[in-house]
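> Numbering (our numbering), first residue to last: 51 to 143.
Where is the CB? At the ideal position from N, CA and C, for every residue including glycine.
Predicted, not measured: the structure shown is a model, and the values here were computed from it.
Let me begin by handing over the structure; questions about it come next.
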């Protein structure tokens, strides 16, 4: 079954990253107060980015990866700026 990794932007400007098998239903859940604590407190939210995977475990793995990213790096992903994503990925010594 397909899986989706998605990023929502809440009304307070914060970003929420999640994964699901049913993207449209999950967004409705978030906006009706049945989603994560973050979206209940900071919603309503709008979908700003998603990726589709052939299996939910792949989407879940990607979710966990992106949750570790900085806000700036997530914004670069949302905007499709691969150069910025790479720049934010470089370790600073």
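Does the separation of the CB atoms of residue 122 and residue 138 fall below 7 Å?
By 1-based counting over the chain shown, the position of residue 122 is 72. By 1-based counting over the chain shown, the position of residue 138 is 88. The Cβ-Cβ distance between residue 122 and residue 138 falls below 7 Å.
> Ordered along the chain, which non-local residues of its own chain (more than five positions away) have a Cβ less than 8 Å from that of residue 107?
Counted from its first residue, the chain shown places residue 107 at position 57. Around residue 107: 53.
> Would you mind working out which of 60, 62, 136 and 70 sits nearest residue 113, comparing C-alpha positions?
As a working note, residue 113 is residue 63 in the chain shown. Residue 70 is the option with its Cα nearest to residue 113.
> Rounded to whole angstroms, what is the Cα-Cα separation between residue 62 and residue 93?
On the chain shown, residue 62 is found 12 positions in, with the first residue counted as 1. On the chain shown, residue 93 is found 43 positions in, with the first residue counted as 1. Here the alpha carbon of residue 62 sits roughly 7 Å from the alpha carbon of residue 93.
> Nearest by alpha-carbon distance to residue 129: which of 99, 104, 115 and 119 is it?
Counted from its first residue, the chain shown places residue 129 at position 79. Comparing C-alpha distances from residue 129 to each of 99, 104, 115 and 119 shows the shortest one belongs to 99.
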